[in-house]
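Asks: Dropping a structure here in structure tokens format, bear with me for questions.
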DNA sequence: AATGAATGAGAATTCATTCAT
DNA sequence: TATGAATGAATTCTCATTCAT
């Protein structure tokens, strides 16, 4: 009787629910019960399909990450100048974060808690990403186009700025106090596309040498 | 007769231990038992003084935040030009984050989970901080010294960059894989002081108009 | 393969054990651990099925009460004269109390603590019971068979008298002091059936007009 | 500075608060913290003056009981005929209950929970009371004025009826549902004095032989 | 493949009591 | 005499996991 055609697979629903919940409350805060409820499956089904909370967490993280790194790398491969590459790095990383708004928080948490739950593969993915950026910056520096600066710093700056869209935005919406009215008035165009452009502008200004 | 001079009050010890632990493992990951043990008090003492895990969390957050905002505001008050003020904003926010490495993560968690645990005062503190930055940027823009850009974006960029020190550093240390060797080699001076300088440089470059 | 025929459901066992224990030691005195042990289930099972001590208590009370009221009402429905009806009210209320010796105490507790634990339904049950009695007494009064008197007073008199069987009996047994020897000697036939008859006699004598 | 003249002694305030609370929630349900708060003393003061929860409970019970039994006995001593004596028994017991509305509930609870907390003295007091009633009923029976009936039954009937005032009244007030409107309408004169008269009337009707 | 029921191992919270002052 | 602080021993409640069906 149920419309099983338009419904996603149980696995997919679990995955979606889990990603959301892990991001909202972290690994320890997540409740398997809650994930099951939100995924509309029986709790035991999660164990049947995936195996346990820990496994589920790794599964989610890995899945999301693979997409991200692959996406970024592919798009960069098509560019030629370091400047173009860096722009694409910023843009595509931003796009990925925007479409996986949970991700930065999930990662933050991991960074802050000694990576206790991260599967080894993920380190490699991240490593690859940073290596990519390092290459770009080095190349730009050698071409005298970029200043010398830390890839990790730039990376985190981009991420930080992007978090604004998830975090800051909802903050503004919920707590539109007098004291915040200004910030909101002064700068309100912030639809994601514009946001990414702004991030790009700022980061490029920060890195590019003025000629 | 006890050496009460060198001993902090139980409340203080609880507060310290809690701040530490909440930052390490987040709200859900924290164990009241563990906090009590680290604070060297009986678990019930926490309940006597503060009232419960949730309350304790809010208490810690508030305390840490108050310090931060006060610190930043005070130091800015002493400056005159927008450029100086912005530099001080960057520096003092960075300093505060560096000395409360828990903070960004604690806040991220809140941003991601709809601020369910934040006492109202904290919003006011944050609001005040953003308002401060908004004023600085506006002033700079009016004096034709700064480009037009979102205060919140800048704010989060600074925070993001700072997270690098907490997160990225330990990440590098723990996962000194081949793929990361480069990033590390290229940029290794990173003692905190230098880090903050770098952040300042980058952000100022991003915001300041080139004349 | 288990002998599920002779075994009651976990829920039923929980319910039985809880009714017993709540009656023995009251709400506050009851230990969830003890209920679980006596019901032969894991403590968590109680939480799974019912949800908590408070909820369990309400559940028990409601269940017991429904039975009582239904029982009384049914038996009265079969009578015709007010006198008969009143007798049946006394008898069946007494029978119900005797077979749920917990009940009066459970209720007393509620009466004394402002009914904080009672679900709304129970008030309706009690209301219905009193209404029943009110109708009987009114009818008898109109037929000039009964004196005018408060239904609630009569109701509580019946209950009070019945408590004797639970309370007084064990009191006599345990504290057969010299000072009580007399009361016991003078009146010792007290097997429940006789007791109920005596209650009936006394209450009917109190209410019925002498012609 | 404080007006210590109009204030009762700490001991008295403790005693009052405890009596109230024990009645409301029973021994197990009572919280020393709560008693202290309501008595407006520091919790430790209770321990200093009295010694502990258990002791406090016994103290309260004993105090209340002594007054009651003494009061009843004295007033009966002044009467001559069994009928008069029984009336006085009913009246003075009722009066005592009305002015210690907690008492019946406290006792009910004890009766129901195997008297675990009752000090021995109290059994003697109760025994004496019942003995008194037994004597009255016996005498009346011998004079052919009363029917033969159980003293304990009568005793509990009186108590039960009196509970009406504490319990039933608040019940009516709080749950003035349609179904109860009738009981209330039909019988509403119930100011305590009238109530006691009604109880007297009913019990006397039940016991006295019609000549 | 999926589920309702059940559970053991913990985690938060409560509470009578003590103690230094 | 009185108290704020502290505590140990429960006690309630939670949660990841398993299991029979």
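Residue numbers (my numbering), protein chains in the order written: chain C, 15 to 225; chain W, 15 to 225; chain Y, 15 to 225; chain X, 15 to 225. Ideal Cβ positions, reconstructed from N, Cα and C, are used throughout, including at glycine.
So, under 8 angstroms CB-CB, residue 31 of chain Y and residue 53 of chain Y are touching, yes? Tell me the CB distance rounded to an integer number of Å.
Replies: Translated into the one-based positions of the third chain, residue 31 of chain Y becomes position 17. Translated into the one-based positions of the third chain, residue 53 of chain Y becomes position 39. 4 angstroms between Cβ atoms; contact.
Asks: With a 10 Å radius around its C-beta and 16 neighbouring C-beta atoms as the bar for buried, classify residue 91 of chain X as buried or exposed.
Replies: Here residue 91 of chain X is taken as the residue at index 77 of the fourth chain, counted from 1. The residue in question, residue 91 of chain X, is exposed, as its Cβ has fewer than 16 Cβ neighbours within 10 Å.
Asks: Please list the partners that residue 175 of chain Y has in chain X, where partner means a Cβ-to-Cβ separation under 7 angstroms.
Replies: By 1-based counting over the third chain, the position of residue 175 of chain Y is 161. Residues of chain X passing the Cβ test: 167, 170, 171, 174.
Asks: Against residue 219 of chain Y, what residues of chain X qualify as contacts under a CB-to-CB distance less than 7 angstroms, listed in chain order?
Replies: By one-based count along the third chain, residue 219 of chain Y stands at place 205. Residues of chain X passing the Cβ test: 219, 220.
Asks: Give me the DSSP bridge partner(s) of residue 160 of chain Y.
Replies: Here residue 160 of chain Y refers to the residue found at position 146 of the third chain. Paired residues: Y/222.
Asks: Could you compute how far the alpha carbon of residue 45 of chain X sits from the alpha carbon of residue 155 of chain X?
Replies: Position 31 of the fourth chain, counted from the start, is the residue given in the question as residue 45 of chain X. Position 141 of the fourth chain, counted from the start, is the residue given in the question as residue 155 of chain X. Distance between the alpha carbons of residue 45 of chain X and residue 155 of chain X is about 47 angstroms.
Asks: Using a Cβ-Cβ cutoff of less than 7 angstroms, which residues in the same chain neighbour residue 159 of chain Y once the five nearest sequence positions on both sides are dropped?
Replies: Position 145 of the third chain, counting from 1, holds the residue named residue 159 of chain Y. Excluding positions up to five away in sequence, the list reads 96, 97, 222, 223.
Asks: Just the chain W side, please: which residues come within less than 8 angstroms of residue 212 of chain C by C-beta, in chain order?
Replies: Here residue 212 of chain C is taken as the residue at index 198 of the first chain, counted from 1. Under the 8 angstroms cutoff, chain W gives 163, 164, 167.
Asks: Using the Cα positions of residue 144 of chain W and residue 34 of chain X, report the straight-line distance between them to the nearest angstrom.
Replies: The sequence position of residue 144 of chain W within the second chain is 130, counting from 1. The sequence position of residue 34 of chain X within the fourth chain is 20, counting from 1. About 54 angstroms.
Asks: From the DSSP output, in three-state form, read off residue 107 of chain Y for me.
Replies: The residue given as residue 107 of chain Y occupies position 93 in the third chain. Here residue 107 of chain Y sits in helix by DSSP.
Asks: Just to confirm my understanding: we take residue 150 of chain C, look at its own chain, exclude 5 residues before and 5 after, and list those with CB closer than 7 angstroms. What are they?
Replies: Here residue 150 of chain C refers to the residue found at position 136 when the first chain is read from its first residue. For residue 150 of chain C, where only same-chain residues beyond five positions count, the Cβ hits under 7 angstroms are 96, 99, 100, 103.
Asks: Less than 8 angstroms between the beta carbons of residue 82 of chain W and residue 132 of chain W, yes or no?
Replies: As a working mapping, residue 82 of chain W is identified with position 68 in the second chain. As a working mapping, residue 132 of chain W is identified with position 118 in the second chain. It is not a contact, given that the beta carbons lie outside the stated cut-off.
Asks: Excluding the 5 residues preceding and the 5 following residue 142 of chain Y in the sequence, name in chain order all residues of the same chain whose CB lies nearer than 7 angstroms to its CB.
Replies: Reading the third chain from its first residue, position 128 is the one you call residue 142 of chain Y. Excluding positions up to five away in sequence, the list reads 83.
Asks: Who are the Cβ neighbours of residue 165 of chain Y in its own chain at under 7 angstroms, not counting the five residues just before and after it?
Replies: Position 151 of the third chain, counted from the first residue, corresponds to residue 165 of chain Y. Correct list, in chain order: 144, 147, 148, 151.
Asks: Taking Cβ-Cβ distances below 9 angstroms as the criterion, which residues of the region 29-51 of chain Y are in contact with chain X?
Replies: Listed by position along the chain: 37, 38, 39, 40, 41, 42, 43, 44.
Asks: Cβ of residue 174 of chain C within 8 angstroms of Cβ of residue 79 of chain W?
Replies: By 1-based counting over the first chain, the position of residue 174 of chain C is 160. By 1-based counting over the second chain, the position of residue 79 of chain W is 65. Cβ atoms of residue 174 of chain C and residue 79 of chain W: not closer than 8 angstroms.
Asks: Give a yes or no on whether 8 angstroms exceeds the smallest Cβ distance from residue 79 of chain C to chain W.
Replies: Counting from 1 along the first chain, the entry for residue 79 of chain C is found at position 65. No, because no Cβ of chain W sits closer than 8 angstroms to the Cβ of residue 79 of chain C.
Asks: In the region 92-111 of chain C, which residues sit with their C-beta less than 8 angstroms from some C-beta in chain W, listed in chain order?
Replies: Taking 8 angstroms as the Cβ-Cβ cut-off against chain W, none of the residues of the region 92-111 of chain C qualify.
Asks: Are the beta-carbon atoms belonging to residue 281 of chain Y and residue 73 of chain Y less than 8 angstroms from one another?
Replies: Since the displayed chain Y opens at 15 and closes at 225, residue 281 of chain Y lies outside it and no answer follows.
Asks: Can you find a C-beta in chain Y that's less than 8 angstroms from the C-beta of residue 86 of chain X?
Replies: Sequence index remark: in the fourth chain, residue 86 of chain X carries index 72 (1-based). With 8 angstroms as the cut-off, residue 86 of chain X does not count as an interface residue toward chain Y.
Asks: Counting only beta-carbon separations shorter than 8 angstroms, does residue 57 of chain C have a partner in chain W?
Replies: Along the first chain, read from residue 1 onward, the residue named residue 57 of chain C stands at position 43. Answer no: the Cβ-Cβ gap between residue 57 of chain C and chain W never drops below 8 angstroms.
Asks: Give the single residue among C/47, C/139, C/111 whose Cα lies nearest to the Cα of residue 67 of chain C.
Replies: On the first chain, residue 67 of chain C is found 53 positions in, with the first residue counted as 1. Selected option, being the one with the closest Cα: C/47.
Asks: Judging by CA-CA distance, which residue of X/208, X/120, X/210 is the nearest neighbour of residue 76 of chain X?
Replies: Taking the first residue of the fourth chain as position 1, residue 76 of chain X is located at position 62. Nearest option by C-alpha distance: X/120.
Asks: Taking residue 38 of chain C as part of the alpha helix (DSSP H), name the residues at either end of that continuous run.
Replies: Position 24 of the first chain, counted from the first residue, corresponds to residue 38 of chain C. 24-43 is the span of the alpha helix (DSSP H), which, as asked, contains residue 38 of chain C.
Asks: May I have the straight-line CA-CA distance separating residue 51 of chain Y from residue 29 of chain X, to the nearest angstrom?
Replies: Position 37 of the third chain holds residue 51 of chain Y. Position 15 of the fourth chain holds residue 29 of chain X. The alpha-carbon atoms of residue 51 of chain Y and residue 29 of chain X are separated by roughly 37 angstroms.
Asks: Quick check on this structure: which residue in C/178, C/135, C/140, C/60 has the alpha carbon closest to the alpha carbon of residue 87 of chain C?
Replies: Working through the first chain from its first residue, we reach residue 87 of chain C at position 73. Looking at the Cα atoms, C/140 is the closest of the given residues.
Asks: When the cut-off is 8 angstroms and only beta carbons count, does residue 204 of chain X lie next to chain Y?
Replies: To locate residue 204 of chain X, count along the fourth chain from 1; it is residue 190. Here residue 204 of chain X scores only 44 on pLDDT, less than 50, and its place in the model is too uncertain to base an answer on.
Asks: Quick one: measure Cβ to Cβ for residue 161 of chain Y and residue 217 of chain Y, integer angstroms, because I've assumed they're closer than 8 angstroms.
Replies: Locating residue 161 of chain Y in the third chain gives position 147, counting from the first residue. Locating residue 217 of chain Y in the third chain gives position 203, counting from the first residue. The Cβ separation is near 12 angstroms, so there is no contact.
Asks: Run through DSSP, which three-state label would residue 94 of chain X get?
Replies: Residue mapping note: residue 94 of chain X aligns to position 80 of the fourth chain, counting from 1. Correct three-state label for residue 94 of chain X: coil.
Asks: With a cut-off of 8 angstroms, does the C-beta of residue 231 of chain X fall near any C-beta of chain Y?
Replies: Outside the displayed range of chain X (15 to 225) lies residue 231 of chain X, so it cannot be described from this structure.
Asks: Would you mind stating whether residue 105 of chain X and residue 214 of chain X have Cβ atoms separated by less than 8 angstroms?
Replies: For the purposes of this step, residue 105 of chain X is taken as residue 91 along the fourth chain, with counting starting at 1. For the purposes of this step, residue 214 of chain X is taken as residue 200 along the fourth chain, with counting starting at 1. Cβ atoms of residue 105 of chain X and residue 214 of chain X: closer than 8 angstroms.
Asks: Decide if residue 56 of chain X is buried, meaning its Cβ has at least 16 other Cβ atoms within 10 Å, or exposed.
Replies: If you number the fourth chain from 1, residue 56 of chain X lands on position 42. Flag for residue 56 of chain X reads exposed.
Asks: Which of the three DSSP states is assigned to residue 217 of chain X in this structure?
Replies: Start at 1 with the first residue of the fourth chain, and residue 217 of chain X comes out as number 203. Note: residue 217 of chain X maps to helix in three-state DSSP.
Asks: Tell me which residues of the region 111-123 of chain C have at least one Cβ-Cβ distance to chain W shorter than 7 angstroms, keeping chain order.
Replies: Cβ contacts with chain W: 119, 122, 123.
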